[in-house]
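Engineer: Under the working numbering, the residues of the sequence shown are numbered 46 to 199, in order.
For glycine and all other residues, C-beta sits at the position ideal for the given N, C-alpha and C.
Here it is, the structure, as structure tokens.
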Amino acid sequence: MKGTYCLIIEVEKDSKISVGRLEQLQFKRGFYIYVGSALNSLESRVMRHLSSDKKLHWHVDYLLMDSSSNIKEVIYSIGEEKIECSLASLISDKSSPIIRFGCSDCSCGSHLFYFEDYDNALKWVLSAFEKLELSFNNLDDFNKNKNSKNKNKK
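Set out below in structure tokens:
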């Protein structure tokens, strides 16, 4: 399964976090949307982000490994097309981007965006998926799908 996803990440307190080559970044308390794609295995990528046992590779790994950060929601769309930059562009219009975060393989200004509150973050993620006419699922759907596959293996 291939696709594009948005993580809604809560940062519970103001934090300075070392992020690979970006060095130390200041993260305000609030909610961040990270836009990514997985053109090999969407399930594996999302599971990796949800896991606390991982090697630090992507910028978002550094943020997620900080004790003040946790994933509140995952919104994803299944598909072959690489649309993460289009999603990031739509979300960036309504938020404060964290410059150069998560976009070292494209020309976007950022793939991480700050919102003060969860409802606003979720609203703009859903709006971006709808504007691109993408069907989407959330973390509950992902967990149901994962659990049904595990039952089928027995």
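(1) Can you tell me where the beta strand (DSSP E) with V119 in it begins and where it stops?
(2) On the three-pair Cβ rule with 8 Å, is the stretch 128-141 touching the stretch 100-117?
(3) For L87 and D59, I'd like the C-alpha separation in whole angstroms.
(4) Specify the secondary structure class of E175 as computed by DSSP and reduced to three states.
(5) Do V91 and A133 come within 8 Å of each other at the CB atom, strictly closer than that value?
(6) Would you mind working out which of V56, D164, S96 and L95 sits nearest L157, comparing C-alpha positions?
(7) Output the distance between the C-alpha atoms of E19 and A173, rounded to the nearest integer angstrom.
(8) If you draw a straight line from the alpha carbon of P106 to that of S149, how long is it in whole angstroms?
(9) Which class does L167 belong to by DSSP, given the choice of helix, strand or coil?
(10) Comparing C-alpha positions only, which one of L184, Y77 and L179 sits nearest to K127?
(11) Measuring alpha carbon to alpha carbon, tell me which residue in I78, I62 and R66 is nearest F200.
(12) Please give the ranges of any beta strand (DSSP E) in the stretch 55-126, keeping only runs that are unbroken, at least 3 residues long and fully inside the region.
(13) Quick check on DSSP: helix, strand or coil for I128?
(14) In whole angstroms, what separates the C-alpha of I78 from that of K176?
(15) In the DSSP assignment, what residue or residues form a beta bridge with I53?
(16) Short check: CB of L70 to CB of I143, under 8 Å?
Structural biologist: If we stick to the structure as given:
(1) S114 to I123
(2) no
(3) 30 Å
(4) helix
(5) no
(6) V56
(7) Examination of residue 19 is not possible in this model, given that the chain is present from 46 through 199 alone.
(8) It should be noted that the sequence gives Asp, not Pro, for residue 106. Approximately 14 Å between the Cα atoms of the pair.
(9) helix
(10) L179
(11) The question about residue 200 has no answer here: the residues shown for the chain are numbered 46 through 199.
(12) 60-63, 69-72, 75-83 and 114-123
(13) coil
(14) 17 Å
(15) I78 and E118
(16) yes
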